[in-house]
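Here's the structure we're looking at; comments come further down.
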Amino acid sequence: MSEVTIFCDMRESRSGVLERLRELGADVKVGELSTGDYVVSGELVIERKTASDFILSVMDGRLFNQIAKMKLAYPRPVFLIEGDVYATRSNITREAIDGALSFIVAIEGATVLYVRTPRNAAELIYRMASHCQRGLGYDVAFRRGKTAPGKGEALFLIEGVPGIGPTTASKVLAHFRSTLAFMNASVDELMAVPGLGKKKAERIHSCIRWELPAGEEVGTLASLFADPPATGEA
Numbered sequence: 001m002s003e004v005t006i007f008c009d010m011r012e013s014r015s016g017v018l019e020r021l022r023e024l025g026a027d028v029k030v031g032e033l034s035t036g037d038y039v040v041s042g043e044l045v046i047e048r049k050t051a052s053d054f055i056l057s058v059m060d061g062r063l064f065n066q067i068a069k070m071k072l073a074y075p076r077p078v079f080l081i082e083g084d085v086y087a088t089r090s091n092i093t094r095e096a097i098d099g100a101l102s103f104i105v106a107i108e109g110a111t112v113l114y115v116r117t118p119r120n121a122a123e124l125i126y127r128m129a130s131h132c133q134r135g136l137g138y139d140v141a142f143r144r145g146k147t148a149p150g151k152g153e154a155l156f157l158i159e160g161v162p163g164i165g166p167t168t169a170s171k172v173l174a175h176f177r178s179t180l181a182f183m184n185a186s187v188d189e190l191m192a193v194p195g196l197g198k199k200k201a202e203r204i205h206s207c208i209r210w211e212l213p214a215g216e217e218v219g220t221l222a223s224l225f226a227d228p229p230a231t232g233e234a
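Everything in the sequence shown is counted per the UniProt record's numbering, starting at 1 for the first residue and increasing by one.
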């Protein structure tokens, strides 16, 4: 199995996180990152903060500049907080903390995760890097349980098409009467199903008729670090 690569900002060198990441088998590349503390894929950047540092960054406004920079460079910013932000020795109100956390998640669309120690932080960072670069390592059955032959299996198949849930799947089967007729339907014919607008019908039509390009293998991934941040040896 390929090694997990994690880009780390040099400011994290004494955090205790890097040592644990290396123990877990990660290839840790230390350098000066333009934003965030850890980059685990071309999309996901992580800013690690102790609870006290998080509170200070809220009070002096650094937090809002940091998340803006992270979003400019990566579509999936994550704030990884060590400790309890409500148990620090500061004069900040609970309402202000709640407001900052809500701003990060509800307004900026970023993720906030909590851990207790630097060791816990390293293990979660490694897990995120592994998932980004290797996937789960196993298939997840999103639609569980046995299906009855005939209608049950037909609904199961139809519901597997992107944009179709249980209710729409029932409407599709009621309209077309068979999965074959559904799969062969044109965009206009798909739009005849109640609740299927043009945009969703076009998406379904495109999905059913998509073909793997000649010469491309299933599972082949482009480099996650085509444009890596500047790095240096630790």
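No residue lacks a Cβ here, since even glycine has one placed at the ideal position from N, Cα and C.
Just so it is clear, the structure is predicted and the values come from calculations on it, not from any experiment.
Note to self: With a threshold of 6 Å on Cβ separation, who are the neighbours of residue 27 within its own chain once the five nearest residues in sequence on each side are excluded?
What the structure shows: Excluding residues within five positions, the ones whose Cβ falls inside 6 Å are 3 and 5.
Nearest-angstrom Cα distance between residue 88 and residue 56? If you take the alpha carbons of residue 88 and residue 56, they lie about 10 Å apart.
Looking at the unbroken alpha helix (DSSP H) that takes in residue 17, where does it start and where does it end?
Where residue 17 is concerned, the enclosing alpha helix (DSSP H) stretches over 17-23.
*Under 7 Å between the Cβ atoms of residue 128 and residue 40?*
Yes, the pair counts as a contact, with Cβ atoms nearer than the cut-off.
* To do: Indicate whether residue 193 and residue 172 have their beta-carbon atoms separated by less than 7 Å.
  => In this structure, residue 172 lies closer than 7 Å to residue 193 by Cβ.
If you reduce the DSSP assignment to three classes, tell me which class residue 89 lands in. Residue 89 falls in the coil class under three-state DSSP.
Buried or exposed by the 16-neighbour rule on C-beta atoms within 10 Å, applied to residue 8: By the Cβ-count criterion, residue 8 is buried, with 16 or more other Cβ atoms from all chains shown falling within 10 Å of its own Cβ.
*By a C-beta neighbour count over all protein chains shown, 10 Å radius and 16 as the cutoff for buried, is residue 211 buried or exposed?*
Counting every other CB atom within 10 Å of its CB across the protein chains shown gives residue 211 a total below 16, marking it as exposed.
| said: Tell me the DSSP secondary structure of residue 164 in three-state form. | reply: Taken through DSSP and simplified to helix, strand or coil, residue 164 comes out as coil.
- Short check: CB of residue 43 to CB of residue 74, under 7 Å? Contact: yes.
Practice prompt. Please determine, among 10, 58, 112 and 76, the residue with the shortest C-alpha to C-alpha distance to residue 93.
Written response: Comparing Cα positions, the closest option is 58.
Q) Considering only residues of the same chain and omitting the five flanking positions on each side of residue 241, which have a CB-CB separation below 7 Å? A) No answer is possible for residue 241: the residues shown for the chain start at 1 and end at 234.
| message | Are the CB atoms of residue 96 and residue 20 within a distance shorter than 7 Å? | response | No, they are not a contact pair.
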